[in-house]
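Asker: Got a structure for you, questions after.
What follows is the structure, given as structure tokens:
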């Protein structure tokens, strides 16, 4: 069965610093992986997706993620954090044969001015 | 293009009552998914509808049910409400889940 694990429920970075949010997946088949962002009192917005094309995926708002099969990871990065990046971030994997997405428990990103 | 719309935005119900939540998918999307986001529990998959049929459900009791209409809109019904049902209920739609979902802004259900 497919699943994802997000390491760190809270991450704090200074404005302008590197953002690194960690996600490890478990899948017996090539996975479809996603990162979503949720701002307070809103739904989730798709940041980027990996669908077995390029291993380095670029998304919106300057975020990118690299699929590393050897490490079963799909970490989200951004070179320079902005105050507007403060939100909750969810990693997700498509569940093979069931069509729904399985979401990680989320990482709340705080950006310190 | 209109996004996924959910109504109402907020809903307050008394324990034991029934709640009905509604979702309109993006035009052309035939699949609708419902998720519950309760405090501290992350997103829990509830139901998946496609072409008017329930295709899959998560680990929730039968008092959570729903349907999808011919125009692909959907409603989620929660019967015999319990305090623990208080949560943000998110609806999403897709053409193909391999490429992700588009989420609505959610319905905040409060059971008192």
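Residue numbers (this note's numbering), protein chains in the order written: chain A, 173 to 285; chain B, 230 to 341. All C-beta atoms in this analysis are idealised placements derived from N, C-alpha and C, irrespective of residue type, glycine included.
#1: Listed from N- to C-terminal order along the chain, which residues in the segment 253-277 of chain A have their beta-carbon within a distance smaller than 9 angstroms of any beta-carbon of chain B?
#2: Which residue marks the beginning of the beta strand (DSSP E) containing residue 241 of chain B, and which one marks its end?
#3: Residues in the segment 268-287 of chain B with C-beta within 7 angstroms of chain A's C-beta atoms, listed in sequence order?
#4: Going along the chain, which residues of the segment 194-208 of chain A sit with their C-beta nearer than 9 angstroms to a C-beta in chain B?
#5: Going by Cα to Cα distance, which pick from B:271, B:258, B:275, B:267 is closest to residue 306 of chain B?
#6: Might you give, ordered along the chain, the residues of its own chain that have their beta carbon closer than 8 angstroms to the beta carbon of residue 278 of chain A, omitting 5 neighbours on each side?
#7: Confirm, please, whether the CB-CB distance from residue 267 of chain B to residue 231 of chain B is below 8 angstroms.
#8: Just how far apart, CA to CA, sit residue 242 of chain B and residue 273 of chain B?
#9: Taking a contact to mean a Cβ-Cβ separation below 8 angstroms, would you say residue 322 of chain B touches residue 329 of chain B in this structure?
#10: DSSP has residue 303 of chain B in a bridge; who is on the other side?
#11: In the structure shown, what three-state DSSP assignment does residue 335 of chain B receive?
#12: Establish whether the CB of residue 282 of chain A and some CB of chain B are separated by less than 8 angstroms.
Answerer: Once the coordinates are examined:
#1: 262, 264, 266, 267, 270, 271, 272, 273, 274, 275, 276, 277
#2: Start at 1 with the first residue of the second chain, and residue 241 of chain B comes out as number 12. First-last of the beta strand (DSSP E) with residue 241 of chain B: 239-242.
#3: 271, 272, 274, 277, 284, 285
#4: 204, 206, 208
#5: Stepping through the second chain from its first residue, residue 306 of chain B is reached at position 77. Closest by alpha carbon: B:275.
#6: Numbered from 1 along the first chain, position 106 holds the residue referred to as residue 278 of chain A. 178, 181, 210, 260, 261, 262.
#7: Counted from its first residue, the second chain places residue 231 of chain B at position 2. Counted from its first residue, the second chain places residue 267 of chain B at position 38. Their beta carbons are not under 8 angstroms apart, which means residue 231 of chain B does not touch residue 267 of chain B by this criterion.
#8: Position 13 of the second chain, counting from 1, holds the residue named residue 242 of chain B. Position 44 of the second chain, counting from 1, holds the residue named residue 273 of chain B. Taking the straight line from one Cα to the other gives about 21 angstroms.
#9: In the second chain, counting from the first residue as 1, residue 322 of chain B sits at position 93. In the second chain, counting from the first residue as 1, residue 329 of chain B sits at position 100. In this structure, residue 329 of chain B does not lie closer than 8 angstroms to residue 322 of chain B by Cβ.
#10: As a first step, residue 303 of chain B must be located in the second chain, where it is residue number 74. B:252, B:297.
#11: Here residue 335 of chain B is taken as the residue at index 106 of the second chain, counted from 1. Coil.
#12: Stepping through the first chain from its first residue, residue 282 of chain A is reached at position 110. Not an interface residue.
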